[in-house]
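K.L.:
Taking numbering that gives the first Met the number 0, I'd label the letters of the sequence shown as residues 0 to 445. Even glycine gets a Cβ: it sits at the ideal position worked out from N, Cα and C.
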Amino acid sequence: MFLIRYSSEIFTKSEGVKRQFIHRLADNVREALARFGHSGKVRRDRDRIYVETEEDISHVLRRIFGVAAYARAVEWPFEGVDRLKERLSEVFAHAVRGKKFAVRVKVRDRTYSSQQLERDLGAVLYPHSAGVNLESPEVQINVEIRGERVFVHHRWERGPGGLPVGTQARALALVSGGFDSPVAAWMSLKRGVKLDFVLYDLGGEEHIRGTHAILRRLYEDWIFGYTPRFYVVDFSPILEALFSVKRELRLVVLKRMMYRAGEIMSRSVRAEALITGESIGQVSTQTLPNLRVIEEAVRIPVIRPLATYDKEEIIAKARDLAIYDLSASIPEFCAIATSSPVRTRLREVKVEEEKVLPALTRAMENVRLLSLDSDYDEADPLRAPEGLEGKVVYVSPERFGEVLKESEGWPKDGTYILVCRKGRLSRQLAKILRDRGYDAYYRSLS
């Protein structure tokens, strides 16, 4: 038998809302048990959920948002105080042996005094202990008398807290596969938000596969009550158009395109907000003035759970969530600009953005929906197979636009192999050329 204590925030809600939250939490517990291969009967009342099971489900309960604490308990029929004292001595004497202890009693029946019961029950355990310490006991025996049943345990374990997933409206998380956006998504889930995910494809199948693995880990470990959707938007038209934008404004314009695409997606998935992994001042596009310029592109609320977190805190949380290694294995996308944006002016950004807006329309015509219920195992058709021969062209962030312009004069009856250090920039150039009708592939130097 396990007892589950609700997050305290649930009790601040009106009676109707509280019932909805508790009902959702109980349903999430049932789904979590089934997903982890456990069986158990789940029932609830106004301040507890009870899980009748002989199995150890601690590793499941610590992953369910809305669970403030849980305890493995024994359950007996309440047959009077004397019988309760006998059972308590028989079962819990070993728990207090050689230790300072306290007894805490919760009772619904006003016939009994909690304080008197604490003294009476403590008296039968006292001979087995090292004494009583009510302020800071080494062991606390908790007794809950609820109608005709009594539950006893000696340790509350902390749950994740928060609100049950699905009790808040839907939001769309903009994810990149790095450390920040998955942690921001987790923090949003903790607040009960129902998340879908969108990735803007700038790095090809390897990037998609890595991000898919991270989101699948989040889904399997933390999301119960619904199945999140994972969308991938082909951003190669945006990347191509960005090279007509002033170099120092490219990153800001790119972020505005990501926000705009997110707002368009939010209408189809009925999301009420965008969730991002931005942290104030972490990079040049995340200074407050630049964030203001970027967010001006959309009307939908943008929520930044990591706004005040530093990188070390974010990485520590990624380790806690067991996604650090997955995120660390995804190579960063080569910079599209060789200089960081200074404080940008909205008017100038809007002028430059006009050069890219037509590409946004094309990008939104190529949206894929991927399942998080299974591994992502699609091969990358753009990766150059072993032994392929063709014209090899080396690409760097500084030369991307130059090579793109040069390619306009290349014969279309040849084969072209684009190469860069990590393969992500060369992959995007190969994608652009393939869309133009070239037989183009990519490789990496690493």
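1. Mind checking Thr460: buried by the 16 CB within 10 Å criterion, or exposed?
2. Taking the CB atoms as reference points, tell me whether Leu325 and Gly209 lie closer together than 8 Å.
3. Given this structure, state the Cα-to-Cα distance separating Gln167 from Arg47, to the nearest angstrom.
4. Contact between the region 368 to 378 and the region 313 to 322 is defined here as three or more beta-carbon pairs at a separation below 8 Å; is this criterion met?
5. Where Ser283 and Leu250 are concerned, what is the direct C-alpha to C-alpha distance, given to the nearest angstrom?
6. Excluding five sequence neighbours on each side, which residues of the same chain lie with their C-beta closer than 6 Å to the C-beta of Arg4?
7. Under the DSSP definition of a beta bridge, which residues are partnered with Gln139?
8. Report the residue from Asp233, Ile293, Arg442 and Gly203 whose alpha carbon sits nearest the alpha carbon of Tyr393.
9. Ignoring anything shorter than 3 residues or poking outside the region 22 to 75, list the beta strand (DSSP E) runs there in chain order.
10. Quick check on this structure: which residue in Gly158, Val348, Gly413 and Val301 has the alpha carbon closest to the alpha carbon of Val28?
11. Just how far apart, CA to CA, sit Asp233 and Asn365?
12. As a quick exercise: from Arg96, Glu351 and Ser112, pick the residue whose alpha carbon is nearest that of Pro126.
13. Out of curiosity, what's the CA-to-CA distance linking Ala439 and Ser180?
14. Would Leu2 and Ala101 be called neighbours here (beta carbons separated by less than 8 Å)?
15. Which residue wins for smallest C-alpha separation from Arg169, given the options Ser187, Ala94 and His93?
16. Identify whether Asp414 lies in helix, strand or coil by the three-state DSSP scheme.
17. Please name the residue in Arg435, Arg423 and Ala184 whose C-alpha comes closest to that of Ile274.
18. Do the region 74 to 90 and the region 140 to 160 touch if we need at least three Cβ pairs shorter than 8 Å?
19. Of all the options Thr11, Glu156, Val164 and Tyr199, which has the alpha carbon lying nearest to the alpha carbon of Val174?
20. Does the separation of the CB atoms of Tyr415 and Gly386 fall below 8 Å?
21. Report the rounded CA-to-CA distance for Glu54 versus Leu24, giving the unit in angstroms.
22. DSSP three-state call for Lys193: helix, strand or coil?
23. Using the three-state DSSP reduction, which class does His152 fall into: helix, strand or coil?
24. One question on the structure: do Leu444 and Leu428 come within less than 8 Å of each other, judged by their Cβ atoms?
25. Does the region 213 to 226 come close enough to the region 248 to 263 that 3 or more CB-CB pairs lie under 8 Å?
26. In the DSSP assignment, the alpha helix (DSSP H) including Phe91 goes from what residue to what residue?
27. How many Å lie between Gly121 and Gly130 at the Cα?
28. Leaving out five residues on either side along the sequence, give the residues of the same chain with a beta carbon under 8 Å from the beta carbon of Ile448.
29. Can you list the alpha helix (DSSP H) stretches of 4 or more residues lying completely in the region 276 to 320, in chain order?
30. Sorted by chain position, which residues of the same chain lie with C-beta nearer than 6 Å to Ala212's C-beta, five sequence neighbours on each side aside?
31. Using 10 angstroms around the beta-carbon of Ala358, count the other beta-carbons present and answer buried if the total reaches 16, otherwise exposed.
32. Would Leu424 pass as a contact of Pro396 if the rule is Cβ separation under 8 Å?
33. Using three-state DSSP, classify Val230 as helix, strand or coil.
34. In chain order, what residues of the same chain have a beta carbon less than 7 Å from the beta carbon of Tyr375, not counting five sequence neighbours either side?
35. Would you kindly report the start and end of the unbroken alpha helix (DSSP H) that includes Ile207?
36. Are the beta-carbon atoms belonging to Arg490 and Ile9 less than 8 Å from one another?
P.N.:
So, to answer that:
1. Since the first residue shown for the chain is 0 and the last is 445, residue 460 is missing from the structure and cannot be characterised.
2. yes
3. 21 Å
4. no
5. 9 Å
6. Ala67 and Ala68
7. Ala101
8. Arg442
9. 40 to 43, 47 to 51 and 66 to 71
10. Gly158
11. 6 Å
12. Arg96
13. 32 Å
14. no
15. Ser187
16. First, the amino acid is wrong: residue 414 is Thr here, not Asp. Reduced to three states, the DSSP call for Thr414 is strand.
17. Ala184
18. yes
19. Tyr199
20. no
21. 20 Å
22. strand
23. strand
24. no
25. no
26. Val80 to Val95
27. 10 Å
28. One cannot answer for residue 448 here, as it falls past the ends of the chain, which runs 0 to 445.
29. 287 to 294 and 310 to 319
30. Leu325
31. buried
32. yes
33. Here residue 230 is Tyr; the residue named in the question, Val, does not match the sequence. In the structure shown, Tyr230 sits in a strand (DSSP, three-state: E or B).
34. Ile207, Arg208, His211 and Leu369
35. Gly203 to Trp221
36. Lying outside 0 to 445, the shown extent of the chain, residue 490 is not represented and no answer is given.
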